[in-house]
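A short worksheet on the structure shown next.
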Amino acid sequence: MDVYPRILSRIWGVPGSHTLAVAEQHGAYNAARKALAMSPAEVTDVVLKSGLRGRGGAGFPTGRKWTFVPPPEKRGGKPVYLLCNADESEPGTFKDRFCMWNDPHQLIEGMIIASHALGVRRAYIYLRGEFEYVQRRLDEALAEAYAKGYLGENIFGSGFSFDLYTHLGAGAYICGEETALISSIEGYKGQPRLKPPFPAVKGVWESPTIVNNVETLAAVPWIIENGWEAYKAIGTEQSPGTKLFSCSGHIMKPGVYEIPLGTPMMDLLNKWCGGLRPGRTLKAIIPGGSSVPVMTPAEVAQANMDYESINKVAGSYLGSGGFIVMDDSTDMVDALTNLLRFYAHESCGQCTPCREGSAWMYNILCRLRDGLATEDDLVALRDLADNIHSRTICFFGASAAMPVQSFVTKFRDEFVARVESARAGLPAGLAVAK
Amino acid sequence: MPLVKVNGIAVEVPPGTNMIEAAKKVGVEIPHYCYHPHLSVAGNCRMCLVDVEAGGRGPDIACNMAATEGLAIRTDTPKVTQMRKSVMEFLLVNHPLDCPICDQSGECRLQDYYMEYGQHDSRLADAKMGKGKRQDIGDQIVLDAERCVQCSRCVRFSDEVTGTGELRLFNRSNQTQIGIFPGVRLSHQYQGNLADICPVGALTLKDFRFKKRVWWLKESESVCGGCATGCNILVHHQENEVYRFTPRRNDEVNKSWICDQGRLSYKDVTSLKRLTGAKVDGQRAELPEAANAAALLLKGAKVGVVFGAKATTEANWAAVKLVRARLPNARAYVIEGNDPDAFTYQDEILVDSDKTPNRFGAALTASQLGSVGDAEALKAALASGEVDALLVLHDDVVGRLGVATPKALVYVGTFKNATSSAAAVVLPAAHYIEQPGTWINRQGRVQRLRKTVAPAGDSVADYAAVDAIGRAFGGAVIPEMPAAIFQELAAGVKALNGLTLKGLGHGGQLITLFAPSPGVDQPGQAAPAK
Amino acid sequence: MSHDQKSIHLRDMHGLTVRGPVEWTEEEKAEIAAIVAKYPTQRSAIMPVLWKAQRKWGWLQFEVLKLVAATLSLKPSEVMEVATFYTMFKKEPTGKYLIQACHTLSCALLGADRVIRHIETKLQLDEHGNSPDGKFTLMRVECLAACGSGPMMQINDDFYELLTEQKVDEILDAMAADRPLPVPRPEVDQWTYTPVS
């Protein structure tokens, strides 16, 4: 295995890593001191040059996103807000939880630096409702930081004042979408909003807003401390740095792994995840959280863990890095039905194709799984997915459609077999003797 | 102004116009449910998805697309056809097959758009979602949550227009249901508009429930006479029977709204209080006979003419002509206030405190005769005997002033009231939807009335009733055709110079109410600054 | 972090309809004022205040929604709209121990369905997921971001991961007898990494 710096998982495993005392022993808040001595524009420039990309799923260059905030004279007197997206709800993804649980001060430090760059006075960490115990730990960390003067008025005597709060959600995957998160923290239903206007111009409380993922912000301190060249030297040209991959499913060593982007997918599977269970063969991998297209073993063999390769090889996405491995014991129809139940339940219900279509696709899949569907249903299923994709207010529509499109295309045999067993009057799942 | 293209046709529109309106300008209809010109943009129905040829990324919804230079959209591509078809399919998936019992049938966007853009065969093999039907949520409205397509128009209306926010979409995903907090009922004066804006039969008007299939109804334009706002309306009628009023869009007057009181005032047309026949001394008479009696009473008497804030401008003008021709020395009066039984509600949205639709019309015409007296002046004149005969147009003078009136009282009006009971001669005037004419609303907008159904009984247009008195004297005082009357009127009243009946169009025309120079056109009273 | 026994006892809302008047104490009003002060608008405090109300009254009855509305100068329908949108706001009472068991893909791949069926059988749950003595309520929920340690369940505020039928028995038996629970989340420190540079 190659040797490379641990950027995010720096002090994971160190007892008491979540406390300020231990974190500082390992260099916490050095980067913040350094950043507050730089000008905001310099900080943004460093992040931009580092090539850091959003780690929530979209992979948009973070530094570039920060430049979308209008200059002070064009803000209509509104303050700028930074919202940390800790709503981690994408099936297969659990890295942010570890980030915040093991090293909350790294996130806090990252937000101090980002807020200095953006001119933010008050920022919020939006946590999903189920992470209440994580919120408690974050609140303790915030209290420690406030007590030492690392938050609040005149941090490090730099003149920069900054307040950070946590905000708890209440069980809605859709609040991970940035405009839905904004809507939710404003006290409305977490329903995504039309763009334009774009959040960087008019977001939360009618003010310019930047929404960044936990992992993205947690990477900032290291970049400031070690310089953008050092970050860019890791990973690939277009996908620099390291990423946390949440690995689950039929593997020997599930967990969160920090590896450089560009690592071959087979290495992640075999070297870090310990490979498959004994006697099993690989059937499918979802590389970036359930919303991205599934990959076949042939595609897996060719792909590297970066934004470009996965898309080129398999038409899929790195996404949130939720790496779900399925071996040959998996029934793909069952798996897809399971996923669509998630989407049917989590649709916000605002726009027509997603609201009606997600549930309809789930219903068809249930009948398919139970051996009560026909060929027409299979055609309809594919059709519905195509009719939802890109026709909706937000990306959720595509997120529900892509699993259907990819599973039905790449594992067509299993779906057809279900239809044929239905026609033959056999119990679902029994193969038709040919 | 930016130049945009719709299906290759170029059109210049004000910057920021959304593309649904821009397309309308070149005759291209973009189907939509959630968009409404007088509500904020929601963009959730996805029916207005169009292809973007240039100046943006598509496909995208037209309702959220602001016109910018070089923007070009297309609605005639196979992609757009397919997108519309798929949205129709999604909308109908959980929609109950209520058409046979649903009031919206015939004016339902699901029906209309299905016929035009859908026409798919159903491939639904699962059960439909059931939700709460037939819920009584207000005095005017019935809610059927199953029929709802979650367009959120009613939610936005309740937030943005009435500010009451009762209606909300609860839950999420396909459990999303329109509803109201338990125990809360709609209590505002604009409930009927919810039925108008609901594109399907989820919100329907109790008053119209199961009454008439809309395809039998003819629509004619008119203006509501409930107050000085003058909301534009459509009168829906079949074979001379009126079934409902609905608001007619006028961006300058009432947008797309009307208050419930005005909406339901169509019932007045068939009220038992209608004056349907002429009367002389309490006895039923023919119109010419009554007109003769009226002429006899007024001839040579000390006449006071009470100009009508509820009468048409034409009727008031006829009174002016009558006075000039036959009743020299007659005095003009315009009585302020409302009739005793008038609806007292008023608000900042639409409902004015002045419950008369044509106060300015009365004032402008009355001032043709010189100085115009008010209630006090009339009371004094009656008491002193300076006025011993009255010609009253529409206003319930007796009810408002509470004074004893002279025996020689000629009343031209539509409804029985204290004045009509005390009158020696009653000439029945048609309801304002039964006759042509004009009114001037609180903004100074001259708006047209039209004859939508035949006058009830023996009633005639109010200006015709006044003219009948003139004929009884020996000759007509105004022309016969409404256009000619208006022409004369416009020529005679300075503020109306240059207007023609045709030129008033569908939305009326604004006039300047206060002439800079004192003299001829002095309104009888100060107008509220509106 | 030590296991907080107290939080489970406070949740004894078995069979509770509104006890006494629905109002805040002075102390609670001060806490709410502090919450509101965190945000630029009053409306933003709606979620933290709903959480507070749910902790106090167990679930969000209409009277409670009205109180929250009055507290933040909102309409009851607006508060109800928000409360019904989010699944964690309870619209009906649940048992003393609310078990939320994940059944999304990663947990399902590792046998979550079997574990959940075991819980249902063991606790004799009815169609609403409530046990006969009202002590337990089971809800099947979507991904709780513990995919690497599935099958798992959240009981009140705590995650219990890497479940087997045996482990489930251990935990549920302790809860039924109101004994101290096995420490949750020992697996929470589960992560791995490659050697540092």
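Residue numbers (my numbering), protein chains in the order written: chain A, 342 to 775; chain B, 70 to 599; chain C, 13 to 209. Backbone N, C-alpha and C fix where the C-beta goes; we use that ideal spot for every residue, glycine too. Only a predicted model underlies this, so the values are computations on that prediction, with no experimental measurement involved.
In the DSSP assignment, find the unbroken alpha helix (DSSP H) run with A/H457 in it and report its ends.
445 to 459
Three or more C-beta pairs below 8 Å linking the stretch 616 to 623 of chain A and the stretch 685 to 698 of chain A
no
For B/R313, which residues does DSSP report across the bridge?
B/H305
With 7 Å set as the bound, which would you pick, yes or no: does the beta-carbon of A/I551 sit closer than that to a beta-carbon of chain C?
no
DSSP three-state assignment for A/W589, whether helix, strand or coil
The sequence as given places Ser at residue 589 of chain A; Trp does not occur at that position. A/S589: strand per DSSP, three-state reduction.
Which runs of the alpha helix (DSSP H) spanning at least 4 residues fall entirely within the stretch 527 to 580 of chain A, listed in chain order?
555 to 567, 569 to 573
Please report the distance separating the alpha-carbon of C/E199 from that of C/G141.
Because C/E199 carries a pLDDT of 47, less than 50, the predicted location of this residue cannot be relied on, and no value is offered for it.
Within 7 Å, strictly: CB atoms of B/R519 and B/E290
yes
From B/K200, B/V75, B/W284, pick the residue whose C-alpha is nearest to that of B/I247; which is it?
B/K200
Please classify A/F401: is it buried, with 16 or more other beta-carbons within 10 angstroms of its beta-carbon, or exposed?
exposed
So which residues of chain C does A/E473 contact, with C-beta pairs closer than 8 Å?
D169
Kindly give me the distance between the Cβ atoms of A/C689 and A/T733, rounded to whole angstroms, as I take these residues to be in contact under 8 Å.
Between A/T733 and A/C689 the Cβ distance is about 10 Å, and since that is not below 8 Å, they are no contact.
Let me confirm a value: C/M25 is counted as buried when at least 16 other C-beta atoms fall within 10 Å, else exposed. Which label applies?
Summary for C/M25: the model assigns pLDDT 37, below 50, so the residue's position carries little reliability; its value from the coordinates is reported in the next sentence. Flag for C/M25 reads buried.
Would DSSP call B/T273 helix, strand or coil?
strand
Would A/A373 pass as a contact of A/I466 if the rule is Cβ separation under 7 Å?
no
Sort out for me which residues DSSP pairs B/Q516 with in a bridge.
B/W508
7 Å Cβ cutoff met for B/I509 and B/G430:
yes
To which residues does DSSP link B/P605 through a beta bridge?
Chain B is shown from 70 up to 599; residue 605 of chain B falls before or after that span and cannot be answered.
Residues, ordered as in the chain, of the stretch 77 to 96 of chain C that lie near chain B by beta-carbon distance below 7 Å:
K87, P88, S89, E90, M92, E93, T96
Bounding residues of the beta strand (DSSP E) (the contiguous stretch that carries A/D504)
504 to 509
Can you give me, in chain order, the residues of the stretch 146 to 170 of chain C that have a beta carbon less than 9 Å from any beta carbon in chain A?
V153, E154, C155, L156, A157, A158, C159, G160, S161, G162, Q166, D169, D170
Does the separation of the CB atoms of B/A401 and B/A363 fall below 7 Å?
no
Which of the three DSSP states is assigned to B/D228 in this structure?
helix
Beta carbon proximity, C/F74 to chain B, threshold 7 Å
yes
Minimum Cβ-Cβ distance from B/R317 to chain A less than 7 Å
no
Spatial neighbours of B/K424 in its chain, beta-carbon cut-off 6 Å, leaving aside the 5 residues before and after
C296, N407, A411
Where B/D531 sits in the DSSP three-state scheme:
helix
If you follow the alpha helix (DSSP H) that A/Y487 is in, where does it begin and where does it stop?
473 to 488
So A/T583 and A/L393 are in contact, right, with Cβ under 8 Å, and what is the actual spacing, rounded?
Not quite, the Cβ-Cβ distance comes to about 10 Å (not below 8 Å), so this is no contact.
Counted within 10 angstroms of its Cβ, other Cβ atoms place B/H189 as buried (16 or more) or exposed
exposed
In the structure shown, what three-state DSSP assignment does A/N652 receive?
helix
Run through DSSP, which three-state label would B/G331 get?
helix
Find the residues of chain A that neighbour B/R192, judging by a C-beta separation of less than 9 Å, and give them in chain order.
D717, D718, V720, A721, D724
Got a sec, what are the start and stop residues for the alpha helix (DSSP H) A/E640 sits in?
638 to 643
Going by C-alpha to C-alpha distance, which of B/S256, B/I89, B/L118, B/A354 sits closest to B/Q205?
Sequence inspection shows Asp at residue 205 of chain B; the Gln mentioned does not correspond to that position. It is B/S256.
Compute the distance between the beta-carbons of A/L492 and A/A464, then report whether it is under 7 Å.
no
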